[in-house]
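Accompanying notes for the structure given below.
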Amino acid sequence: MWMVLGLIALGTYIVVKWVSKNFDFFEKQGVKFVKPYPLIGTNTWLLGRENIAVILKKFYDQFPNEKIFGLFNFAAPFYVIRDPDLIKHLAVKEFENFSNHMKFVDTNHDEFFGSMLTTLRDKKWKEMRSALSPIFTGSKMRMMFELMSEVGEEMSEYFWEKYSNQGPVAYDIKNIFSRFTNDVIATCAFGVKCDSFRDPSNEFFKIGQSFVRFSSPLQMMKFLLIRYFPKTSRTFGLMIFSKDNKNLFYKMIIENMNTREKNNIHRPDLINLLMQIRKGELHHEDGNDDAEHESIAAVKEEIHNHGNISAKKLWTDNEIIAQCFLFFIAGFETSSATLRYLAYELATNPEVQEKLVTEIDKLHENLDGSHLSYEKIQSLKYLDMVISETLRKWPAAFTTDRQCSKDFTYKGDDGLEFNLEKDMVIWIPIYGLHMDPKYYPEPEKFDPERFDESNRHNLNLNAYLPFGIGPRNCIGSRFALMEMKIAIYYLLLKFTFEVGPETQVPLKLKRTPNGLQPDVDVKLRLQPRHV
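Position one of the sequence shown corresponds to residue 579 (this note's numbering), numbered consecutively onward.
Structure, rendered in structure tokens:
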């Protein structure tokens, strides 16, 4: 008995010592760090006590005078870069050393997931990013604007009909915007006409809803197994996305492309542009076509050089469909989540909502019955400020990362020096920066005036990263901003957002590792403006 207990104790000691072998890494480097726990490192979110974004912000706040500090992803040490200028230096100037995200999954195990732009690495990423960049220029956004605007009008009409039949009621506002973004993606990307408000059982919306369940404990356990135990995952056939959903999506896209090719159908949407890419027919445009209308949050794709990759590679169906899948799940969830928080902030800050309604009404009157245009909606400066502030306070990505491709030493003019070994990871604390009073006084306050043109000289734009930074930022920022503007424009023409007894104020965050998610559904009332 005592021998068995002794062996168990010895085994436990050996395991703990082995997983803790790197815990003195930052001490040797002379870098301040958060003290790790055995087995989990600094991944205290695994204990389920707090939201992961809040935990990382607390770590960020522990070192107000440091440009860098250390954390441990289980046993692996990684740097957190909390200085905006140093972040820009590493993510832009040193991009060739930090061009990849942390490897999340064995691409040999899940080729479909591994073919997505976000998971591609090195030359494959450069080739795909260069090929996809022309899709998201201003001219291509103009092509998609009419399709997107039609969805916005239909959404507004639907809720006006609902009000006429049953009066003002409280809605799960995230569900509203999920239906909107689903229909936008369906028409702008895949040429499929959906009406998720009247028919929420359509295939596109059902697929999108299945991804909302990513934050369930079972799904998170699956992610961890795939990430840290790839061989075990292969044995049990675990995949990031279900085989049924992938097969359904694959079939839809292949049939769509085949029908277009057979009947010579051309439509201003993503599928058409991807078909051009597949044939090597889509080319980069010259010039900065929208500089005068650009949002402060938008990624200016044309400033980034991806190595001028011009190889006339013919993309496979699997590679093309993987990008379609990525655009769908990213467009479905992130924009609807941001719109949820935007509506909540308008409802709880009526003076902001009133000012925004005035701007929208003025534009609508000036249209004098003519259709809303891409240029006109870009002229709504206060709407852009409101969206920019929402993205600051509620960023869709609370952090991002880069992986070092080779041994690297940083030596700054201020005496800062640190070393990264090949494959080490740096984290960029987006939420921490966005909520730092050093860059945003009273960060908990929702204040769109921060982004007024007269105040922009006070902003450190390296500390504003709603769509990431450097060449490896979010390729779809223009698309996301345009659909958010359209959604708010058409709803505020007829309604205002109002809190009710079912609205949680202030919002509490769910104890989840899946980003900034509210603890309960955000329920708001759509109050008609003209009765």
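Yeah, the Cβ is synthetic: ideal placement off N, Cα and C, and Gly gets one too. From a predicted model like this one, the values you see are computed outputs, not experimental measurements.
Does DSSP put residue i in a helix, in a strand, or in coil?
i: Tyr615; result: strand
i: Val632; result: helix
i: Thr1074; result: strand
i: Tyr988; result: strand
i: Ile1047; result: coil
i: Tyr960; result: helix
i: Tyr1042; result: coil
i: Phe996; result: strand
i: Tyr638; result: helix
i: Ala975; result: coil
i: Trp738; result: helix
i: Arg627; result: coil
i: Ile1064; result: helix
i: Phe656; result: strand
i: Asn678; result: strand
i: Gln1105; result: strand
i: Leu1087; result: strand
i: Ile843; result: coil
i: Ile818; result: coil
i: Pro662; result: helix
i: Val670; result: helix
i: Val1003; result: strand
i: Pro1021; result: coil
i: Pro1026; result: helix
Note down, in chain order, each residue of its chain lying with its Cβ closer than 6 Å to the Cβ of residue i, except the 5 sequence neighbours on either side.
i: Asn944; result: none
i: Pro1021; result: Met1013, Pro1015
i: Asp962; result: Ser873
i: Ser966; result: Ile874, Ala875, Phe1029
i: Ala889; result: Confidence at Ala889 is low in this model, with a pLDDT of 47, below 50, so its placement is unreliable and no value can be given for it.
i: Asn678; result: Arg699, Gln981
i: Ile804; result: Val683, Ser811, Leu816
i: Thr912; result: Ala974
i: Arg845; result: Gly769
Here's the rule I'm using: 16 or more other beta-carbon atoms within 10 Å means buried, otherwise exposed. How should residue i be labelled?
i: Thr936; result: exposed
i: Gln901; result: buried
i: Asn850; result: buried
i: Asn760; result: buried
i: Arg757; result: buried
i: Ile907; result: buried
i: Gln981; result: buried
i: Asn629; result: buried
i: Ile881; result: Because the pLDDT at Ile881 is just 43, under 50, the model does not fix this residue reliably, and the value given afterwards should be weighed accordingly. Exposed, by the Cβ-count rule.
i: Arg1107; result: exposed
i: Arg970; result: buried
i: Phe903; result: buried
i: Glu929; result: exposed
i: Ser717; result: exposed
i: Thr765; result: buried
i: Met799; result: exposed
i: Arg660; result: buried
i: Ser727; result: buried
Over what stretch of residues does the beta strand (DSSP E) that includes residue i continue unbroken?
i: Ala748; result: 748–750
i: Ile874; result: It is not in any beta strand (DSSP E) - Ile874 carries neither H nor E in the DSSP assignment.
i: Phe647; result: 646–651
i: Pro928; result: Taken as a continuous stretch (DSSP letters only), Pro928 belongs to no beta strand (DSSP E), being part of the alpha helix (DSSP H) at 928–945.
Can you find the residues in the same chain that come closer than 7 Å, C-beta to C-beta, to residue i, ignoring five residues on each side of it along the sequence?
i: Gly885; result: For Gly885, the predicted model reports a pLDDT of 46, less than 50, meaning its position is unreliable; a value from the coordinates is still stated below. If we look at Gly885 and ignore the five residues flanking it on each side, its Cβ neighbours are Lys704.
i: Leu1011; result: Pro662, Tyr1017, Ala1041, Leu1043
i: Val1077; result: Ala925, Thr926, Val1083, Leu1102
i: Met719; result: Tyr952, Arg1056, Phe1057, Met1060
For the alpha helix (DSSP H) that residue i lies in, which residues bound it at each end?
i: Met978; result: Inspection of the sequence shows that residue 978 is occupied by Thr rather than by Met. Counting along the chain, Thr978 falls outside any alpha helix (DSSP H), though it belongs to the beta strand (DSSP E) covering 978–981.
i: Tyr1009; result: 1008–1012
i: Glu705; result: 700–710
i: Leu851; result: 848–856
i: Phe775; result: No alpha helix (DSSP H) contains Phe775, which DSSP labels as neither H nor E.
i: Phe690; result: 689–692
i: Glu1080; result: Taken as a continuous stretch (DSSP letters only), Glu1080 belongs to no alpha helix (DSSP H), as it is neither H nor E.
i: Lys606; result: 603–607
Spatial neighbours of residue i within its chain, please: C-beta separation below 8 Å, excluding the five flanking residues on both sides.
i: Glu732; result: Asp761, Asp773, Phe775
i: Ser532; result: Nothing in the structure corresponds to residue 532, since the chain is present only between 579 and 1109.
Any heavy atom of the ligand GTP closer than 6 Å to the beta-carbon of residue i?
i: Gly716; result: This structure lacks the ligand GTP; in fact it carries no ligand of any kind.
Below 8 Å, can you find three or more Cβ-Cβ pairs linking the segment 614–629 to the segment 637–657? Yes, the segment 614–629 touches the segment 637–657.
Give a yes or no on contact between the segment 1043–1062 and the segment 668–685, applying the rule of three or more CB pairs nearer than 8 Å. Counting Cβ pairs under 8 Å, three or more are found: they touch.
Should the segment 972–979 be regarded as contacting the segment 995–1012, the criterion being three or more beta carbon pairs within less than 8 Å? Per the Cβ contact rule, the segment 972–979 is in contact with the segment 995–1012 (3 or more Cβ pairs under 8 Å).
Would you call the segment 944–957 and the segment 631–647 in contact, with 3 or more CB pairs under 8 Å? Too few Cβ pairs lie closer than 8 Å, so no.
Taking contact to mean at least 3 C-beta pairs separated by less than 8 Å, is the segment 1052–1070 in contact with the segment 985–997? These segments do not touch.
Whether or not the segment 1030–1039 and the segment 688–698 are in contact is what I'm after, with contact meaning three or more pairs of Cβ atoms, one per stretch, closer than 8 Å; do they touch? The segment 688–698, when compared against the segment 1030–1039, does not touch it at the 8 Å Cβ threshold.
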